[in-house]
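One structure below.
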Amino acid sequence: MGAEREEPGPARGACPCPCPCPCPGPGHERGTARGCPSSALPAPRHGAMERARHRLRQFDIGDRFSGLPLPRAAVLLPLMVRAGRLHLLLTVRSLQLRRSPGEVCFPGGKREDSDRDDIDTALREAKEEVGLQPEKVEVICRLMPGIDKMNNLVTPVVGFIEETFQVTPNPDEVSEVFVVPLEYFVKPLDYKTFSYKTSSGYSTRVHCFTYHDQEHRKSFKIWGLTAHFAVFLALVIFGERPTFEVDYDLDNLFSSSENYFTNLYASIHERKKSNL
Ligand SMILES: CCC(=O)SCCNC(=O)CCNC(=O)[C@H](O)C(C)(C)COP(=O)(O)OP(=O)(O)OC[C@H]1O[C@@H](n2cnc3c(N)ncnc32)[C@H](O)[C@@H]1OP(=O)(O)O
Ligand SMILES: [Mg+2]
1 MGAEREEPGP ARGACPCPCP CPCPGPGHER GTARGCPSSA LPAPRHGAME
51 RARHRLRQFD IGDRFSGLPL PRAAVLLPLM VRAGRLHLLL TVRSLQLRRS
101 PGEVCFPGGK REDSDRDDID TALREAKEEV GLQPEKVEVI CRLMPGIDKM
151 NNLVTPVVGF IEETFQVTPN PDEVSEVFVV PLEYFVKPLD YKTFSYKTSS
201 GYSTRVHCFT YHDQEHRKSF KIWGLTAHFA VFLALVIFGE RPTFEVDYDL
251 DNLFSSSENY FTNLYASIHE RKKSNL
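Here the sequence shown is numbered in the UniProt record's numbering, starting from 1 and rising by one per residue.
Here it is as structure tokens:
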């Protein structure tokens, strides 16, 4: 892993800055070279990134749900700028995997004992799965968690990566990597929704996007938890009404996303109690 990180802080991550100054110091933002007097690294100054950073920091949940008694997992939502627009990097899971083979997901996985927090988990998994070095990620925030089919508490960690990043997928876990313009998750061309009842009996709306990728000349289906995270990320960053229905009050996005999560969590908790 990279250099020591401060706890807590709005913009955390492995600091790529090679300078010896305490990190972050006054005016020196961790995970970036901004404000660092002795750093030679250029700070990314793209307008779309600056706006996204600002919005995302308002939705950072930090370690807020770290005490919940559920097994933990984390995913990295890797954002990059291509042709002036934000894009999200996604993976297709290897067909050899026991769980969710062939499904689209973000780089990520289950917490290991060596991980200090969800950021460590997301960065470690991204390195293992697509060869992304932690120091090449500017971690911005952690967003509201979700709960997967196995009742893992899954925390999405948002980070910026360079457009020039060359993926090296680990074929044991990842069969393909592709990128989607983030706007697609608020203005899709091919979208369906259906309702889904979780194992705890909680009814939720499932988003299902089909993305026709020109680069790979094929279509990818992005749905379930992965689509849930991508939609929320796009809502946070763009602050616009999507072209489809969502389970949030868009005028109170933070509190309604928190309510959504707490209701889902409560349904699992209740089910566990009634099974005792
Ligand atoms: C509404 C219902 C839904 O949402 S399903 C809809 C669509 N699907 C999704 O949205 C995907 C959502 N799921 C996920 O994002 C992931 O499953 C999450 C929750 C992050 C968990 O991460 P996951 O990728 O399963 O865990 P992981 O990476 O820790 O391990 C995956 C399996 O791979 C194995 N593995 C690990 N390293 C290697 C290796 N070097 N060679 C071979 N195998 C390897 C792990 O042991 C693990 O296997 P297993 O799952 O324990 O059998
Ligand atoms: Mg994984």
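By construction, the Cβ of each residue, glycine as well, lies at the ideal position given by its N, Cα and C atoms. Treat the numbers as computed from the prediction; the structure is a model and nothing was measured.
- The beta-carbon distance between residue 91 and residue 176, rounded to whole angstroms, is 7 Å. This is short enough to meet the 8 Å contact definition.
- In this chain, the beta strand (DSSP E) harbouring residue 222 covers 218–223.
- Secondary structure note for residue 99: it is in no beta strand (DSSP E), with a DSSP letter that is neither H nor E.
- At a threshold of 6 Å, residue 109 counts as near ligand 2, since its beta carbon sits closer than that to one of the ligand's heavy atoms.
- With 16 or more neighbouring CB atoms inside 10 Å of its own CB, residue 257 falls in the buried class.
- Within the same chain, and ignoring the five residues on either side of residue 231 in sequence, the residues whose Cβ sits closer than 6 Å to its Cβ are 185, 207.
- By the criterion of at least three beta-carbon pairs nearer than 8 Å, the segment 253–272 is in contact with the segment 194–204.
- For residue 245, the closest alpha carbon among the candidates 187, 213, 117, 156 is that of 187.
- The shortest C-alpha to C-alpha distance from residue 197 to any of 148, 138, 163 is the one to 148.
- For residue 119, the enclosing alpha helix (DSSP H) covers residues 118–130.
- By the Cβ rule, the segment 98–109 does not count as touching the segment 162–169, because fewer than three pairs are nearer than 8 Å.
- Between the alpha carbons of residue 224 and residue 195 lies a distance of about 10 Å.
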